[in-house]
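Visitor:
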Amino acid sequence: MRLAARLSVLAPVAALLVGLAPGPSYASTVPPGGPDFEMPFPCGDTWTGTSRPSHSPSPLSIDWNRPDDFGAMVVATAPGVVTSVVDLGNRSYGRYIIVDHGGGRTSLYAHLSAFWSTVGQSVDQGTPLGLVGSTGGSTGPHLHFEERLDRRDQHAYFHRTSYTMGTTRTSQNCGDTPVIGDWDGNGASNVGVLRRSRTPQFVLKRPGRPALVTTFGWRSDQPLSGDWDGDGTVEIGARRPGLMAFVLRHANGRTSTIRLGRLSDFGVAGDWDGDGRTDVGVWHPSTQVFTLRTSDGSIRTVRFGSLGDRPVAGDWNGDKIADLGVYSPSTATFRLRTETRSGRVTYQTIPWGDSDGIPVAGDWNGDGVTDLGVWEPSTATFLLRLPPRPGRTTPITRRPVWGLPRG
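Going left to right, the sequence shown walks through residues 3 to 409 as the numbering used here numbers them.
1) State yes or no: is the C-beta of R279 within less than 8 Å of the C-beta of D229?
2) Apart from the five residues on each side of it in sequence, which residues of its chain come closer than 6 Å, Cβ to Cβ, to G219?
3) Got a sec, what are the start and stop residues for the beta strand (DSSP E) T348 sits in?
4) Do the stretch 140–151 and the stretch 321–337 make contact, defined as three or more Cβ pairs closer than 8 Å?
5) What's the C-alpha gap between W404 and V193?
6) Which residue spans inside the stretch 282–324 form an unbroken beta strand (DSSP E) run of at least 3?
7) Using the beta-carbon count (16 or more within 10 Å), is L406 buried or exposed?
8) Rounding to the nearest angstrom, what Cα-Cα distance links L62 and L206 in this structure?
9) Can you tell me where the beta strand (DSSP E) with F117 in it begins and where it stops?
10) Between P37 and A80, how many whole angstroms is the CB-CB distance? I'm expecting something under 8 Å.
11) Exposed or buried, which one is T399 when buried takes at least 16 other CB atoms within 10 Å?
12) According to DSSP, which residues form a beta bridge with Q156?
13) Evaluate Y98 with the Cβ neighbour count: other Cβ atoms within 10 Å of its Cβ, from every protein chain shown; 16 or more gives buried, anything less gives exposed.
14) Span of the beta strand (DSSP E) holding D373?
15) Taking 8 Å as the cut-off, decide whether the C-beta atoms of I100 and T85 are in contact.
16) How about the stretch 39–55 and the stretch 165–182: do they share at least three Cβ pairs that are nearer than 8 Å?
17) For G135 versus F204, is the C-beta distance shorter than 8 Å?
18) With H, G and I counted as helix, E and B as strand and the rest as coil, what does DSSP make of G142?
19) Less than 8 Å between CB atoms is the rule here; does I360 satisfy it with respect to chain D?
20) Exposed or buried, what is V215 when buried is set at 16 or more other beta-carbons lying within 10 Å of its beta-carbon?
21) Once you ignore the five residues that flank T259 on each side, which residues in its own chain have a CB closer than 8 Å to its CB?
22) Please report the residue range of the beta strand (DSSP E) in which P225 lies.
23) Counting along the chain, where does the beta strand (DSSP E) carrying V236 start and finish?
24) As a quick exercise: from S60, R93, D102, A112, pick the residue whose alpha carbon is nearest that of W66.
25) Count the other CB atoms, across all protein chains shown, that sit within 10 Å of the CB of P209; report buried if there are 16 or more and exposed otherwise.
26) Looking at C-alpha atoms only, which residue of R150, G299, G283, S297 is the closest neighbour of G105?
27) Rounded to whole angstroms, what's the CA-CA distance from D369 to A190? Just pull it up for me.
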């Protein structure tokens with residue numbers, strides 16, 4: 003499913019903030035199509051979904067329950083853009099979120115106790131959205147969930163399988179997420195994934211050697227990598243939304259935690275001051291502001307990007323200081339911001355990938371300059387962009403396959 007239509011719904015953001023009224027009718031059962039919807043819970047969680055003839059706005063809406071449901075994590079069922087984050091108080095849906103998946107398809111998550119998302123946020127399948135609650139017209143903790151087409155409730159499908167009301171299922175929202183790093187120390191970046199199983203693992207590709215597999219993190223983590231100690235060794239880490247913090251794994255196996263940002267922020271990593279150690283930062287989707295923290299604790303902010311973008315970071319000019327960038331899924335375009343040591347700022351726009359791709363950045367050829375790429379979830383294929391050969395203008399493309407395909 004292409005996501006090029008997602009951002010069209012973001013133009014009237016002010017109207018979306020006041021909420022969307024439920025549609026008065028519902029559609030009959032339709033065959034599976036569109037996004038690969040997964041259950042709105044992390045991989046391995048088990049829930050029972052029910053409905054009733056009088057269920058508003060339709061009997062196709064699902065109320066999810068389990069014994070310990072209050073405060074449980076709710077995640078995106080498919081990639082998309084958050085278009086509504088609304089609090090109706092003690093009325094109707096209460097606190098609810100709508101995610102637009104393109105092509106008129108949306109998903110709704112209601113009666114939340116807490117929001118972990120913001121309007122304009124581009125989310126991947128499995129991205130945390132909020133916590134189960136009992137707000138609005140709810141009589142007890144549960145998640146009210148709807149799959150919609152053109153604002154009309156549809157029969158729900160999960161993992162391309164029709165859902166039967168009253169049954170108990172285990173979430174298969176377990177998709178891999180890409181991570182990039184120099185795992186073998188040869189100066190060039192390699193590909194990898196965070197596998198969101200019940201026991202998450204980083205599965206890292208090392209050409210000519212066995213894969214490096216490390217158990218680390220939580221199912222809701224955003225994976226990162228960097229040379230946290232400045233010792234020349236790249237290690238793994240994660241942005242953990244629930245803690246509003248980074249959890250970094252060091253070469254000796256110990257971990258450190260750095261608190262930074264808000265629940266809905268994206269994490270980024272780069273050497274912001276050129277001291278040889280990778281630092282951390284966050285990008286807030288609704289304000290498009292990067293907040294960058296250096297190893298001495300200093301904070302710097304930079305506004306860059308647009309609603310619906312995803313942040314990236316890399317050394318675009320090879321001066322050993324990381325720069326900023328964003329990827330627009332709607333146009334499959336990278337926009338890069340380069341700042342020299344003297345403070346001069348330049349910008350460039352580079353079309354690459356497509357609207358289904360997840361942006362990545364790394365030094366694919368070891369020349370000291372960061373290159374661009376995307377990871378295609380449906381095929382688990384990286385589309386890596388390298389500089390053109392001497393005398394040519396067309397970039398070189400590499401297509402390593404790594405990870406498990408989705409859908």
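Don't be surprised by glycine CBs; every beta carbon is placed ideally from N, CA and C.
Guide: Result, derived from the coordinates:
1) yes
2) P202, A240
3) 347–353
4) no
5) 7 Å
6) 291–295, 301–305, 312–316
7) exposed
8) 41 Å
9) 114–117
10) 4 Å
11) exposed
12) Looking at the DSSP assignment, Q156 forms no beta bridge with any residue, so it has no partner.
13) buried
14) 373–378
15) yes
16) yes
17) no
18) coil
19) The structure shown contains no chain D; it is built from a single protein chain.
20) exposed
21) L245, A247, F248, V249, L250
22) 224–228
23) No beta strand (DSSP E) contains V236, which DSSP labels as neither H nor E.
24) A112
25) exposed
26) R150
27) 8 Å
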